[in-house]
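Chains D and L, in that order, give the protein sequences.
Under the working numbering, residues 1214 to 1506 are what the first sequence spells out, in order.
Under the working numbering, residues -3 to 199 are what the second sequence spells out, in order.
Just so you know, even glycine gets a beta-carbon here, dropped at the ideal spot from N, CA and C.
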Amino acid sequence: MDNPENILELQSVQKRYRGFALDGISLSLPQGYILGLIGPNGAGKTTTIKILMNMVKRDGGNVQVFGLDPKKNAKQIKNKVGFLGEEQQFYGNKTVAWTGKFVSTFYDNWDTNTFQSLLSSFQISRTKKTSELSKGMKVRFSLALALSHHPELLILDEPTAGLDPVIRRNVLELLRKKSKNEGKSVIISSHITDDIMRTADLVAFLIEGKIVLTSEKDELLSNWKRIHYKKGALDIDIIKSLTRRKDHAFGSSGVTDRYLEIKDSLAQGITEGVVKIESVNLDDILISLVKGV
Amino acid sequence: MVYFIGYCGFILILTAILRMALGNNQVVLLVLISGVLILMLVFGPVFFNEQYEEKHKGYDFLDILPVSAGEIVLAKFGLVLVTVVAIVGYLLLLFSVSNVAPNDWILVRSYILMSGAGCLFFAALSYLGIFSLGYTKFAMIVMSFFVLLGFVPILILKFYRENMDVLIENILTFLRHVNWLAVIPLALIGYLSLMFVAIKVKE
């Protein structure tokens, strides 16, 4: 690994399918951070995550997880990773207890007490068949399985898809706690940017198989702002640099990705009330980036 | 295990009944039946398990666990090998204490060993087929194969109607001359080679 503090690194990773390609993706995740992988459906998020787990073989580039190549060391890597996919697959006619016992045999570091306590806190009955679990229950059960071997890295592919808001919030809270209190690293992919907003320290936007932007979330949100302005209030260069420009009855607006850089030149307009600054969310940024591609 | 015990019990009862009804001479008929049953006993669980894996997307579940494709294939092939060895061993033991005439014993031994070897070969081919095509597609191919297999007796009757005795004698001569000591290592080598191919396919 180039940087030993990075728990995972992807360099120029490529994967080609008919009609779609991951085009030289580069990413890194330092230990103890949560990385949110944002992108529209079909952008390549699942493929990227599956490459990390060696569930999909890459065509080119380098991947290192814990300093190991998933192609050659998938078993060692999976032993230290907790994975939660978009769809939860279990042997449907087996019980929760059986599934836990079955999964436990594969991990070196399985902790039955942690598993039992997670089942209790998630209110999952040990005697229930896995096919009888609701979507929310399945996600929580998968999370219990993913956390019971004390993984150093959690890889979550659209973990909250199809969950109701209460369970979604609980799952995200748990991830946040695991990262902050136990120093776990997390990579979470989602097209629901609100999930990333709540949990991630770092964000990467993946659009049409390319990483178009990576940044610390707070820095990103500090730089990306919507500027509302009256005619003549802004320099023409600033106006030209704005994306998603709109004209309306009270003036115009547009989104900038370098607010901190132009902040001083906007100060006078803000004082005079002809320029207003509005925070944007990750959704706005994603839409700006998608339209820019 | 349940299948195996059931199989052993079934053969044991069948042996006793045939012996009471027909005497020792009919033991060859029983051996023929046993050989066919070896195939059923092995193929039943193989296809049942793979259908189960497909129904529950078992391989997707296993894919996220720290277990390699090689270990999965090894476990499946290992189980088939243990089952076949146990059944072949059981049948050889059963017939060796069944007062089979020395001439018949050579036939019995060759037939059972050949059945076991064939069983290993077809089980390995089945896994290879399932891993490369998926259970559903492969099951369709196997079903078509068995439909075609139904024509074999008709073809045999057509070409050997006049000299069926010659055909049977040819088969018996072949079985008498099979080098049974060579069958075991050859079957094992073939089976293990196909297992390595299956590992590559699964990976």
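Would you say Asp56 of chain L lies against chain D (beta-carbon separation less than 8 Å)?
Nearest CB-CB separation between Asp56 of chain L and chain D: below the 8 Å threshold.
So for Phe147 of chain L, helix, strand or coil by DSSP?
Phe147 of chain L falls in the coil class under three-state DSSP.
Is the CB-CB distance between Asp1408 of chain D and Ile1401 of chain D below 8 Å?
Yes, they are a contact pair.
State the DSSP-derived secondary structure class of Lys1504 of chain D, mapped to helix, strand or coil.
In the three-state reduction of the DSSP assignment, Lys1504 of chain D falls in the helix class.
Separation of Ser1344 of chain D from Trp101 of chain L, as counted between CA atoms
Taking the CA atoms as reference points, Trp101 of chain L sits about 52 Å from Ser1344 of chain D.
Using a Cβ-Cβ distance under 8 Å, would Leu61 of chain L count as near chain D?
Yes, because at least one Cβ of chain D sits closer than 8 Å to the Cβ of Leu61 of chain L.
Whole-Å CB distance - Thr132 of chain L paired with Glu50 of chain L, under 8 Å assumed:
Contact flag correct, Cβ pair sits at about 7 Å.
Please confirm if Val1309 of chain D has its CB atom under 8 Å from at least one CB of chain L.
Chain L contact via Cβ: absent.
How should Ala1357 of chain D be labelled, buried or exposed, when 16 other C-beta atoms within 10 angstroms of its C-beta is the threshold for buried?
Ala1357 of chain D comes out buried.
Buried or exposed for Val1506 of chain D, going by 16 or more other Cβ atoms inside 10 Å?
With a pLDDT of only 48 at Val1506 of chain D, under 50, the local geometry of the prediction cannot be trusted, and no value is derived from it.
Reducing DSSP to helix, strand and coil, say where Met1214 of chain D ends up.
In this predicted model, Met1214 of chain D has a pLDDT of only 46, less than 50, meaning its place in the structure is not dependable; the value taken from the coordinates is given anyway. Assigned with DSSP and collapsed to three states, Met1214 of chain D falls in coil, not helix or strand.
Taking DSSP as the reference, what is the three-state secondary structure of Thr1260 of chain D?
Helix.
Any beta-carbon of chain L closer than 8 Å to the one on Lys1288 of chain D?
Yes, because at least one Cβ of chain L sits closer than 8 Å to the Cβ of Lys1288 of chain D.
My understanding is that Asp1236 of chain D touches Lys1423 of chain D, with C-beta atoms under 8 Å, so please give their C-beta distance in whole angstroms.
Here Asp1236 of chain D really is in contact with Lys1423 of chain D; their C-beta atoms are around 5 Å apart, less than 8 Å.
Rounded to whole angstroms, what is the Cα-Cα separation between Gln1289 of chain D and Asn99 of chain L?
Whole-angstrom Cα-Cα distance: 57 Å.
Contact check, Gln1301 of chain D vs Val1352 of chain D under 8 Å by CB: the rounded distance?
Going by Cβ atoms, the distance from Gln1301 of chain D to Val1352 of chain D rounds to 6 Å, so yes, they are a contact pair.
Can you round the beta-carbon distance between Val96 of chain L and Val104 of chain L to whole angstroms, since I take them to be within the 8 Å contact cut?
Their Cβ separation, rounded to whole angstroms, is 6 Å, which keeps Val96 of chain L and Val104 of chain L in contact under 8 Å.
Whether or not the region 1273 to 1291 of chain D and the region 1323 to 1334 of chain D are in contact is what I'm after, with contact meaning three or more pairs of Cβ atoms, one per stretch, closer than 8 Å; do they touch?
When Cβ pairs closer than 8 Å are counted between the two stretches, the region 1323 to 1334 of chain D is seen not to touch the region 1273 to 1291 of chain D, the count staying below three.
Other residues of its chain near Phe117 of chain L: CB distance less than 8 Å, five sequence neighbours each side excluded
Taken in chain order, the residues that qualify are Ala183, Gly186, Tyr187, Leu190.
Contacts around Trp176 of chain L, its chain only, beta-carbon distance under 8 Å, and the 5 residues preceding and following it disregarded
If the five residues before and after Trp176 of chain L are omitted, its C-beta is found closer than 8 Å to the C-beta atoms of Arg105, Ser106, Leu109, all from its own chain and listed in chain order.
Cβ separation of Ile1368 of chain D and Met1268 of chain D, assumed to be a contact under 8 Å, to the nearest whole Å
At roughly 10 Å, the Cβ-Cβ gap does not stay under 8 Å, so Ile1368 of chain D and Met1268 of chain D are not in contact.
Do three or more CB pairs link the region 1450 to 1464 of chain D to the region 1270 to 1277 of chain D at distances below 8 Å?
Short answer: they don't touch.
Span separating the alpha-carbon of Val1488 of chain D from that of Leu1388 of chain D:
In this structure, the CA atom of Val1488 of chain D is about 39 Å from the CA atom of Leu1388 of chain D.
Report yes if the CB atom of Leu1419 of chain D is closer than 8 Å to the CB atom of Lys1228 of chain D, and no otherwise.
At the C-beta level, Leu1419 of chain D and Lys1228 of chain D stay beyond 8 Å of one another.
Ordered along the chain, which non-local residues of its own chain (more than five positions away) have a Cβ less than 8 Å from that of Ser1435 of chain D?
Here the set comprises Tyr1472, Leu1473.
Alpha carbon to alpha carbon, how far is Tyr1320 of chain D from Asn1292 of chain D?
About 6 Å.
Report the option in D:Ser1501, D:Ser1492, D:Thr1484 whose CA atom is closest to the CA atom of Asp1431 of chain D.
Distance check between Asp1431 of chain D and each of D:Ser1501, D:Ser1492, D:Thr1484 places D:Ser1492 closest, using alpha-carbon atoms only.
Enumerate in chain order the residues of its own chain whose CB-to-CB distance from Ser1347 of chain D is below 7 Å, with the five nearest sequence positions on each side excluded.
So no residue of the chain qualifies.
Stretch pair the region 64 to 83 of chain L + the region 1328 to 1335 of chain D: three plus CB contacts closer than 8 Å
No contact exists between the region 64 to 83 of chain L and the region 1328 to 1335 of chain D.
Presumed contact (8 Å Cβ cut-off) between Leu1223 of chain D and Ile1238 of chain D, rounded CB distance:
Taking C-beta atoms under 8 Å as the contact rule, Leu1223 of chain D and Ile1238 of chain D qualify, at a distance of about 6 Å.
So, are the CB atoms of Ala135 of chain L and Ala194 of chain L less than 8 Å apart?
No, these two residues do not count as a Cβ contact at 8 Å.
Can you pull the chain L neighbours of Gln1302 of chain D, defined as C-beta to C-beta under 8 Å?
Neighbours of Gln1302 of chain D on chain L, chain order: His52, Lys53, Gly54, Asp56, Phe57.
Would you kindly report the start and end of the unbroken beta strand (DSSP E) that includes Tyr1442 of chain D?
Run containing Tyr1442 of chain D: 1438 to 1442, per the beta strand (DSSP E) assignment.
Quick check: is the beta carbon of Ser94 of chain L nearer than 8 Å to any beta carbon in chain D?
For Ser94 of chain L, the answer is no, since every Cβ of chain D falls outside 8 Å of its Cβ.
Considering only the beta carbon of each residue, do Ser111 of chain L and Val197 of chain L sit closer than 8 Å?
Not a contact, by the Cβ cut-off of 8 Å.
Should Ser64 of chain L be flagged as near chain D, meaning a C-beta pair shorter than 8 Å?
Put simply, the CB of Ser64 of chain L is near chain D, with a gap under 8 Å to one of its CB atoms.
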